[in-house]
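*Asks:* Residue numbers (this note's numbering): 670 to 869. Where is the CB? At the ideal position from N, CA and C, for every residue including glycine. Because the structure is a prediction, the values reported are computed rather than measured.
(1) Could you tell me the boundaries of the alpha helix (DSSP H) in which residue 861 lies?
(2) In three-state terms, what does DSSP make of residue 818?
(3) Going by alpha carbons, who is nearest to residue 785 out of 697, 760, 868 and 725?
(4) Cα separation between residue 755 and residue 795?
(5) CA-CA distance, residue 763 and residue 810?
(6) Hey, could you find the ends of the beta strand (DSSP E) residue 702 is sitting in?
(7) How should residue 675 be labelled, buried or exposed, when 16 other C-beta atoms within 10 angstroms of its C-beta is the threshold for buried?
(8) So what's residue 767 in DSSP terms, helix, strand or just coil?
(9) First and last residue of the alpha helix (DSSP H) that includes residue 718?
(10) For the beta strand (DSSP E) that contains residue 713, what are its first and last residues?
(11) Residues in its own chain within less than 7 Å of residue 851 by CB, not counting five upstream and five downstream?
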């Protein structure tokens, strides 16, 4: 019976150590946020995420830019066919109004012919002009907009305490499982150690 209690005690101690170790490990993902120097040994400790924040932000930004959202995804197809049709329609209407206002002294038949002639030119040329202007705009926009840099800067600007709060809310169940797993593994290791110490 004494042996049983000794093994049980070692199992409980092992479980407690495993649980506390994993709780501390989870906490140290974020804490301490600022470096804390341990006297005597002159060693600084800092949470994993605060310490490697810049590296993590850069890696996440690269993944977002490569796999989820990049400049091509945003700007390609900005100007669609129906948009071009609306632009051509707007130009025709605007030009027609200008011709009517500026050439009021001309007979209506002549202004109608002028409008019709200009409308044909706009329909033929405007689409290509819009495509060219759109391509130039998209090219310039792609050169100026750096999705990776924007994401990286946004992550680096996040408040670490807020990130910790969100992470703990979203992954609370998974983190709790890690803590319980430490308890179970520590308990099992304690039993094994107890049995080995008894055999030896």
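*Replies:* Per the coordinate set shown:
(1) Taken as a continuous stretch (DSSP letters only), the alpha helix (DSSP H) holding residue 861 covers 841-868.
(2) The answer is helix: DSSP assigns residue 818 an H, G or I state.
(3) For the residues 697, 760, 868 and 725, the minimum Cα distance to residue 785 belongs to 760.
(4) Their backbone Cα atoms lie some 11 Å apart in a straight line.
(5) CA-CA distance, residue 763 to residue 810, rounds to 28 Å.
(6) Counting along the chain, no beta strand (DSSP E) covers residue 702, and no H or E run does either.
(7) The residue is exposed, with fewer than 16 neighbouring Cβ atoms inside 10 Å.
(8) If DSSP states are grouped into helix, strand and coil, residue 767 belongs with the helices.
(9) First-last of the alpha helix (DSSP H) with residue 718: 717-720.
(10) Run containing residue 713: 712-714, per the beta strand (DSSP E) assignment.
(11) Within the same chain, residue 851 has close Cβ partners 687, 688, 690 and 691.
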